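Encoded as structure tokens, the structure appears first; notes follow it.
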Amino acid sequence: MTLLDWLIVTVPVLFVMGMGFYSRKYVKSVADFLVAGRLCGRYVISVGDVANALAIIGLVAYVEAQYKTGFALSFWNGFAMPLSIVIALTGYCTYRFRETRAMSLGQFLEMRYSRPLRIFAATLRSLSEMLANMIMPAVAARFFIYFFDLPERIGFFGCELPTFMLLVVLVLVMAITLICCGGTLTLVITDAIQGMFCYPLLVVMIVFVLYRFSWSTEIVPVMMDRVAGESFLNPFDVDEMRDFNVFMLVVTFTTMIVHQASWIGAGITSAAKSPHEQKMAGLLGTWRNMLGVIFYLLVAVAVIVVLNHGSFSHEAREIRTRLSTRIADGLVPDDGMRSKLVAGLRDIPEQKHVIGRDAPLADRNNLDTAYLETVHRTLQETGNGNAVFQEFRTLYYQLMLPVAMRELLPPVILGLFALLLVLAMLSTDDTRIYSASLTITQDVIVPLCGKPLRPESHIRVIRLVSIGVGVFFFCGSYFMSQLDYINLFVTLMTSIWLGGCAPVMIFGLYSRFGTTAGAFTSLITGMVMAVGGVLIQRNWADTIYPFLDGNGLAVAVGNALETLSGPFHPWIVWKMDAVKCPVNSYEFYFLTMIVTFVLYCLVSYATCREPFNLDRMLHRGKYAIDGTKRFKLHWSPREFFANVIGITPEYTRGDRVIAWGLFGYSFVYSFCLAFLGVLLWNLFSPWPLEWWGHYFFVVQLAIPLVLAAVTTVWFGIGGVRDLFRLFRDLESRTAVNDLDNGVVEGHMSLADKAELESVDRGGRRDAE
2 MTLLDWLIVT VPVLFVMGMG FYSRKYVKSV ADFLVAGRLC GRYVISVGDV ANALAIIGLV
62 AYVEAQYKTG FALSFWNGFA MPLSIVIALT GYCTYRFRET RAMSLGQFLE MRYSRPLRIF
122 AATLRSLSEM LANMIMPAVA ARFFIYFFDL PERIGFFGCE LPTFMLLVVL VLVMAITLIC
182 CGGTLTLVIT DAIQGMFCYP LLVVMIVFVL YRFSWSTEIV PVMMDRVAGE SFLNPFDVDE
242 MRDFNVFMLV VTFTTMIVHQ ASWIGAGITS AAKSPHEQKM AGLLGTWRNM LGVIFYLLVA
302 VAVIVVLNHG SFSHEAREIR TRLSTRIADG LVPDDGMRSK LVAGLRDIPE QKHVIGRDAP
362 LADRNNLDTA YLETVHRTLQ ETGNGNAVFQ EFRTLYYQLM LPVAMRELLP PVILGLFALL
422 LVLAMLSTDD TRIYSASLTI TQDVIVPLCG KPLRPESHIR VIRLVSIGVG VFFFCGSYFM
482 SQLDYINLFV TLMTSIWLGG CAPVMIFGLY SRFGTTAGAF TSLITGMVMA VGGVLIQRNW
542 ADTIYPFLDG NGLAVAVGNA LETLSGPFHP WIVWKMDAVK CPVNSYEFYF LTMIVTFVLY
602 CLVSYATCRE PFNLDRMLHR GKYAIDGTKR FKLHWSPREF FANVIGITPE YTRGDRVIAW
662 GLFGYSFVYS FCLAFLGVLL WNLFSPWPLE WWGHYFFVVQ LAIPLVLAAV TTVWFGIGGV
722 RDLFRLFRDL ESRTAVNDLD NGVVEGHMSL ADKAELESVD RGGRRDAE
């Protein structure tokens, strides 16, 4: 990093932090701190989400997965197109939640069920969220240590402190500082500014990768060089993949439907001026993410090509050797064992793999195999070799990204890439910490207080809880060993909440039969099953497998697992392994969701005494409290498609253009032509492998890149306009609308307070 690179990184970051401090002057009520006064337009929310959607942990996780799967599995994401269209255009879950006027998820749960459920669910969600996100600072700190090639220890006032610890503290201090400045209002403003920085940075990085690598002579040949069953290009030839396979996509599509409302609540998800504006912000998210998706794709491609193409064999050896030795330095405490391991790694010669002449690469036999086998063989000499190797392998696949990008990027581009990831890290960390802090404060502490807090005290509590969550993140980052791929780890941790919350939220918004007993049953069952999965995965290599093997049970248990998974081969394969648990996180998660849905429905039907009054909770019909006109849909042939995609009389002409444009691109082009048409073609006449290379260039790169160029300008102009409007509204207002943003009994509107007075503790309502 040159001086210019450091200036490129520090100046914009200092500007963002300065705007965070400046935003404090506009925080005049708790509603400002919680939901930005509900003054935000659609574009300021969408542009801010550009930065939130980009994250170091997200990029590292994406590269981890793509390094194992290539492009092939992404074809099957076409199944998600109809789902995403319906969700975005109809405002599924988000519109109804906004109609409740709840300022947190727990407040909604109290409206729908009971206060005890609110407190229990909020505690469970916060714990799950913090456990899943606590590794974010660790991933970011390790990324920058390897990317900037920092030493393992740094002198600090005469003491030698671990660089990792100092970076984790710095990451958390920056995020918590922004939260304490002004809560949601500060995050909306700073995220929007970061989003405006991110757009040109993404363009620069995309142009560089396309300039640096040839699609036809470097990228496609590397993707074609895979054994049968593990193709990186042909989506019909992926039967032998494990962890990241078609079953993973089934779980992903399922969660798109059942968990649309699971993380909803206060903050930006409730900051729009109206339910319609919140819906439009979500709808615009489909266009907003295009540039980020292309960036993720090309960064993954760059790493794959550099490490596997013969033209980069020298650079690949340098990357693998430097990566492996640095991980060994931090992971192996014994000096003799570490020296032996490092010597063995440095003795591995340059591997000049010639595509077409040498045997194709495979998941278990590739250019990384020599390094991983050397490490595993050496560590086997220690008592806990399998457990240490499991952590080594995890760090190896996570940290190849920063080491490879440092080798690849020239000055200035190196600084721009670093700036992009610092902004992505900051926006993601502060949002995740703040989300957990709001849930704990609004839905645990405030209800337990029994009386409303004064505004100053309420904001102070949120700030103190945010600091506490930051301390939790620090402890988790510093002491927690992550032993699985990031996506699998996050899936397992979030399943503590997500495993049982889906029926609670969906049936709470859309059904009349759900009861508090059913909700408690679902949440507790999901928690128990998820914690069981966490303990099994966490202790497999060092406790569970040695116990099974030592008692002669490993073979019998392995046979039983293979028998149970046999009907689902090749997508689910439970095979005994000394290093890794046979059942992966996606499989634990899916089983948990099935069980909790069944139990919620059974218990709710058994305990329901009278139907729940949804109209009153949603403030519809005679329960409307602000005179808002409700539109009734007319299902005439002329209006059928407009109704299906969610167009109502609230839509302006511009809104209709956006909705129909999204429908045309997502459904007509992406789903019907690029996915369904190609799928049918290949069922009758399979394509040659080379055709798939051209297909992914056109569908995942060329056409999205053209649309992204248009939307970048569109969102940039809209974001700047909405940000200035937000500042204007903040300057001109004189009071907060208590009807919508009222702060009563833990931030309930007056109507919600009156509504709750008729709720008995069993979650049922008195007869009207």
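Counting in this note's numbering, the sequence shown runs from 2 upward without gaps. In this text, a Cβ means the ideal position worked out from N, Cα and C, and glycines have one as well. Here the structure is a predicted model, which means the values were calculated and not measured.
Can you find a CB in chain D that lies within less than 7 Å of the CB of Val658? The chain inventory of the structure shown lacks chain D, comprising one protein chain alone.
If Val205 sits next to Tyr590, beta carbons under 8 Å apart, how far is it from one beta carbon to the other, in whole angstroms? Between Tyr590 and Val205 the Cβ distance is about 37 Å, and since that is not below 8 Å, they are no contact.
Can you name, in chain order, every residue of its own chain whose Cβ lies under 7 Å from the Cβ of Cys181, other than the five neighbours on each side? Arg464 and Ser467
Near Asp131, which residues of its chain fall below 8 Å by C-beta distance, leaving aside the five closest residues on each side in sequence? Sequence check: residue 131 is Met here, not Asp. Ala437, Val470, Phe473, Phe474 and Gly477.
What residues in its chain sit with their C-beta under 6 Å from that of Val445, if we drop five residues either side in the sequence? Ile120, Ala123 and Thr124
Cβ shell of Arg318 (< 6 Å), same chain only, five flanking positions each side left out: Glu351
Have a look at Val505 and Phe393 and give me their C-alpha separation to the nearest angstrom. 39 Å
Nearest to Val48 (by Cα), restricted to the options Ser733, Arg726, Asp730 and Gly720: Gly720
In the region 82 to 142, which residue ranges form an unbroken alpha helix (DSSP H) of at least 4 residues, counting only runs that do not cross its ends? 95 to 101, 106 to 113 and 116 to 134
Cβ-based neighbour list, Gly717, same chain, cut-off 8 Å, excluding 5 preceding and 5 following: Val48, Met197 and Tyr200
Segment limits, beta strand (DSSP E) that includes Glu161: Cys160 to Pro163
By a C-beta neighbour count over all protein chains shown, 10 Å radius and 16 as the cutoff for buried, is Glu595 buried or exposed? Looking at the sequence provided, one finds Ile at residue 595 rather than Glu. Classification for Ile595: exposed.
In this structure, does DSSP put Asp444 in helix, strand or coil? helix
Buried/exposed call for Glu588, threshold 16 Cβ in 10 Å: buried
What are the start and end residues of each continuous alpha helix (DSSP H) run of 4 or more residues lying completely inside the region 525 to 582, in chain order? 546 to 551 and 555 to 566
For Tyr423, which of Pro547, Ile155, Thr516 and Val172 has the nearest alpha-carbon? Looking at the sequence itself, residue 423 is Val, so the reference to Tyr does not match. Of the candidates Pro547, Ile155, Thr516 and Val172, the one whose C-alpha sits nearest the C-alpha of Val423 is Val172.
CA-to-CA distance, Gln67 to Phe521, given in whole angstroms: 38 Å
Per DSSP, Leu785 is paired with what? Shown here, the chain extends from 2 to 769; a query on residue 785 therefore has no answer.
Which residue wins for smallest C-alpha separation from Pro117, given the options Leu449, Leu211, Trp575 and Ser30? Leu449
Considering only the alpha carbon of each residue, which of Ala193, Glu111, Gly38 and Tyr96 lies closest to Arg722? Ala193
Between which two residues does the alpha helix (DSSP H) containing Ile220 stretch? That residue, Ile220, is in no alpha helix (DSSP H); it is neither H nor E in DSSP.
Roughly how many angstroms lie between the CA atoms of Ile46 and Asp238, to the nearest whole one? 40 Å
Hey, would you say the C-beta of Leu162 is under 6 Å away from at least one heavy atom of the ligand NAP? The ligand NAP is absent from the structure shown, which contains no ligand whatsoever.
Does the Cβ-Cβ distance between Ile58 and Val140 come in under 7 Å? yes
With a threshold of 6 Å on Cβ separation, who are the neighbours of Gly183 within its own chain once the five nearest residues in sequence on each side are excluded? Ser24, Arg25 and Val28
Option nearest Ile258 by Cα separation, candidates Ile441, Ala660, Thr91 and Ala675: Thr91
In chain order, what residues of the same chain have a beta carbon less than 8 Å from the beta carbon of Glu219, not counting five sequence neighbours either side? Val306, His310 and Ser312
Rounded Cβ spacing between Leu493 and Gly534 (contact assumed at less than 8 Å): 6 Å
If you follow the beta strand (DSSP E) that Gln155 is part of, which residue opens it and which one closes it? Note that residue 155 is Ile in the sequence shown, not Gln. Per DSSP, Ile155 belongs to the beta strand (DSSP E) from Arg154 to Phe157.
Using CA atoms only, rank isn't needed, just tell me which of Trp715, Ser115 and Ala709 is closest to Ile207. Ala709
Within the continuous alpha helix (DSSP H) that includes Ser340, where are the two ends? Asp336 to Arg347
Taking the runs of the beta strand (DSSP E) that are 3 residues or longer, which of them lie wholly in the region 394 to 450? none
Straight-line gap, Thr256 to Val343 (C-alpha atoms, nearest Å): 43 Å
Check for me: the alpha helix (DSSP H) holding Phe664 runs from which residue to which? Arg654 to Phe664
Contiguous beta strand (DSSP E) assignments of at least 3 residues, all confined to the region 234 to 320: none
Alpha helix (DSSP H) containing Met594: first to last residue? Ser586 to Thr608
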